[in-house]
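Report on the structure given below.
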Amino acid sequence: MRNPRMRSQLWSVAALIPLVACAQWEGTQVLQGRRSYTWADTLLGSLSPYRRCYDVIHYELALSIDPARQSIGGEVVCTFRWVERSETLQIDLDPGFRLMELRVDGEKVPFLRVKGTRAIWVTLPKKAESWEIGTLHRWSITYKGIPRKAPRPPWDGGLVWDKTPTGAPWIGVACQGLGASIWWPLKDHLSDEPDSATLSFCVPKPLRVIANGSLVVATAQRNDSCFTYKVSYPINTYNITFYAAPGYVSHVDTFHSTSGKAIPLRFSVLPQNVDKIPFLRQQSVKVLRALEHYFGPFPVQRDGFGLVESPYYGMEHQSAIAYGNRFRLDPDWGFDYIILHETGHEWWGNHVTAADNGDLWIQEGFCTYGEALYIEYYYGYQKAVTYLLKQRAYIQNRQTIQGPYGVNADQTYNTDIYYKMAWVLHTLRSRVNNDSIWFRCLRAIQDTFSFRTISAEELIAFMGRHLGEDLRPFFRAYLYYLRPPVVRYRLVKDSTGNFLEAQWVCDEKNFRGPMEFLSGERRFRFELSQELKRFPLPREVETLIPDKNRYLVIATSLP
77 MRNPRMRSQL WSVAALIPLV ACAQWEGTQV LQGRRSYTWA DTLLGSLSPY
127 RRCYDVIHYE LALSIDPARQ SIGGEVVCTF RWVERSETLQ IDLDPGFRLM
177 ELRVDGEKVP FLRVKGTRAI WVTLPKKAES WEIGTLHRWS ITYKGIPRKA
227 PRPPWDGGLV WDKTPTGAPW IGVACQGLGA SIWWPLKDHL SDEPDSATLS
277 FCVPKPLRVI ANGSLVVATA QRNDSCFTYK VSYPINTYNI TFYAAPGYVS
327 HVDTFHSTSG KAIPLRFSVL PQNVDKIPFL RQQSVKVLRA LEHYFGPFPV
377 QRDGFGLVES PYYGMEHQSA IAYGNRFRLD PDWGFDYIIL HETGHEWWGN
427 HVTAADNGDL WIQEGFCTYG EALYIEYYYG YQKAVTYLLK QRAYIQNRQT
477 IQGPYGVNAD QTYNTDIYYK MAWVLHTLRS RVNNDSIWFR CLRAIQDTFS
527 FRTISAEELI AFMGRHLGED LRPFFRAYLY YLRPPVVRYR LVKDSTGNFL
577 EAQWVCDEKN FRGPMEFLSG ERRFRFELSQ ELKRFPLPRE VETLIPDKNR
627 YLVIATSLP
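Heads up: the sequence shown begins at 77 in my numbering, then just goes up one per residue.
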């Protein structure tokens with residue numbers, strides 16, 4: 077429905093939002109390797125007044141999936157808390173869907189679909205003028221259509237319409253980076269997670285649906301089977317998912333968490349892979365044990381841990397992780413990579429979540445660093461360093477780790493938010509040089525920001541307080557510039573003794589801190605600045621090299 081008042085608002089907000097999008101770049105021109113962004117990106121990625129006015133409490137999805145037509149249709153109901161005054165709400169949905177009806181608190185309301193974007197601007201009913209701050213309300217949308225088909229899931233996502241080995245429909249969805257509004261209507265911003273969700277999917281018989289959370293009820297209709305799942309924890313919306321295939325076999329087991337509780341383990345596979353369930357359990361328990369050691373108890377204990385065999389490689393869907401690694405072990409390390417990495421996201425990404433895609437390194441970098449900690453837990457620190465050295469080969473330095481804010485920047489193609497960021501954390505641990513403090517800090521992040529969305533600024537300040545240092549220059553040096561800090565050094569011998577002369581060269585002018593050097597089996601640690609300094613060395617030291625196994629730096633010799 078169109079509304080004259082909405083048309084006038086369109087022009088006023090259109091004039092404002094591009095300025096907001098530009099403002100986030102001011103003073104951060106060091107960000108490199110980025111594409112240009114559009115008004116559609118800003119509407120999807122920013123928190124305009126039309127979004128800030130409400131806080132999502134609960135989503136209820138009741139959808140029918142038609143594999144023959146590759147279509148979706150049904151109703152989505154959002155329960156929200158009123159936060160600040162507004163005459164308009166923004167809801168997001170791919171423009172390819174037909175929107176049949178939109179209601180607020182049961183009353184049919186007019187709306188405007190902003191051309192060329194996913195934004196739907198909803199005019200609130202007259203009674204909204206008397207809504208008190210903090211009260212709960214609901215909007216509901218009935219819609220249908222053909223969703224975007226994933227070209228290369230999970231990296232280039234959408235709906236996955238595949239076939240099982242027997243030729244039956246095998247359906248899934250992966251939408252990290254793109255956003256969940258490619259297939260259902262919602263407030264599509266990472267900063268606003270529902271506190272819980274109810275997910276109902278109807279599919280043609282004999283398909284069976286697996287989704288997040290716990291199965292509440294399964295019912296049979298004339299030609300369809302319907303499955304309802306309940307998610308009892310906050311969940312980021314790109315994690316809301318489903319899998320559908322005939323004959324999914326689910327095995328339920330338990331894992332004894334460090335919390336003292338037995339948490340459910342669920343493994344769902346195609347019928348021909350039932351014999352692989354012991355493999356999945358063995359790998360999963362091994363990963364859970366290591367990650368609980370470093371990060372604390374598995375976060376979604378009521379909903380449990382789940383792996384679901386999927387028609388694509390993998391994705392960290394909360395309590396229903398997509399598993400498409402075909403039961404393969406890494407030939408060098410003996411673990412299943414998808415189980416290790418995606419399980420790590422239950423802590424980094426699902427439990428603690430970046431509030432903006434510009435900060436996606438928070439979840440991807442810490443999660444990738446967790447892979448090295450898994451190696452350390454079972455094989456020791458030196459083996460973990462060996463693993464990190466293998467990952468260092470994947471660092472590209474083509475885009476900055478830090479992305480732009482307010483434009484829903486899809487960072488999933490920037491591999492440096494994974495491997496380079498893992499090395500940044502490894503470097504910070506070396507810099508701290510106190511594992512007791514370091515690991516207490518990692519655990520404190522999990523405890524303090526439990527089921528919260530956070531910003532880079534908030535995280536860096538928190539870590540600085542725990543580690544006793546202003547970490548802003550350190551993180552800016554690695555996150556905002558392509559080139560890592562450079563250590564320039566030389567060994568000087570004269571009549572007065574042996575000396576190291578060294579300095580940092582860094583695009584971040586406030587960067588300073590320790591660097592370690594090796595002379596055979598001996599290790600030396602010096603506090604460097606960006607001014608050349610001289611440090612005394614024992615006379616027997618003949619050679620000295622920077623320890624690049626513990627620090628992500630470029631090392632060059634002074635003339």
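We treat Cβ as the ideally placed atom computed from N, Cα and C, and that holds for glycine.
1. For Glu177, which residues from the same chain have a beta carbon less than 6 Å from its beta carbon, with the 5 sequence-adjacent residues on both sides left out?
2. Determine the contact status of Leu341 and Val325, defining contact as a CB-CB distance below 9 Å.
3. For Ala430, count neighbouring Cβ atoms within 10 angstroms of its own Cβ and tell me buried if that reaches 16, exposed if not.
4. For Gln297, does the count of other Cβ atoms within 10 angstroms reach 16, so buried, or fall short, so exposed?
5. Given this structure, state the Cα-to-Cα distance separating Leu356 from Asn625, to the nearest angstrom.
6. If we count the other Cβ atoms within 10 Å of its Cβ and call it buried at 16 or more, is Tyr113 buried or exposed?
7. If we ignore side chains and look at the alpha-carbon of each, how far apart do Ser257 and Pro230 end up?
8. Could you work out which residue in Gln348, Phe277, Val292 and Val307 is closest to Ala320 when comparing CA atoms only?
9. If the criterion is Cβ atoms closer than 9 Å, does the pair Gly255 and Thr313 meet it?
10. Is the segment 166 to 173 touching the segment 256 to 270, taking contact as three or more C-beta pairs under 8 Å?
11. Based on Cα-Cα distance, which residue from Val361, Glu597 and Val617 lies nearest to Asn574?
12. Can you tell me whether Val292 is buried or exposed? The criterion is at least 16 other CB atoms within 10 Å of its CB, across all chains shown.
13. Could you tell me if Ser122 is buried or exposed, where buried requires 16 or more neighbouring beta carbons within 10 angstroms of its beta carbon?
14. Report yes or no: do the segment 528 to 544 and the segment 421 to 437 share at least 3 C-beta pairs separated by less than 8 Å?
15. Taking Trp158 as the reference, give the member of Cys443, Ile196, Glu205 and Arg145 with the closest Cα.
16. Counting Cβ pairs, one atom from each stretch, are 3 or more of them under 8 Å apart for the segment 379 to 392 and the segment 351 to 369?
17. May I ask you to verify whether the segment 496 to 514 touches the segment 448 to 466, counting CB pairs closer than 8 Å and requiring at least 3?
18. Based on the DSSP secondary-structure assignment, which residues constitute the bridge partners of Cys302?
19. Going by DSSP in three states, Trp437 sits in which element: helix, strand or coil?
20. Around the C-beta of His417, are 16 or more other C-beta atoms found within 10 angstroms, so that it is buried, or is it exposed?
21. Which partner residues does Leu188 have in the DSSP bridge list?
22. Measure the CB-CB distance between Leu567 and Leu620 and report whether it falls below 9 Å.
23. Rounding to the nearest angstrom, what Cα-Cα distance links Trp437 and Gly589 in this structure?
24. Pull up the CB-CB distance for Pro282 and Thr334, whole angstroms please, since I reckon it's below 8 Å.
25. DSSP three-state label for Ser308, please.
Per the coordinate set shown:
1. In the same chain as Glu177, and ignoring 5 residues on each side of it, the C-beta atoms closer than 6 Å to its own belong to Thr218, in chain order.
2. Inclusion of Leu341 and Val325 in the CB contact set at 9 Å is not warranted, their separation being larger than that value.
3. buried
4. exposed
5. 33 Å
6. buried
7. 16 Å
8. Phe277
9. yes
10. yes
11. Val617
12. exposed
13. Buried, since its Cβ has 16 or more Cβ neighbours within 10 Å.
14. yes
15. Glu205
16. yes
17. yes
18. Cys278 and Thr295
19. helix
20. buried
21. BP columns for Leu188 point to Trp197.
22. Yes; because the gap between Cβ atoms is below 9 Å, this pair is in contact.
23. 23 Å
24. About 40 Å; that fails the 8 Å criterion.
25. coil
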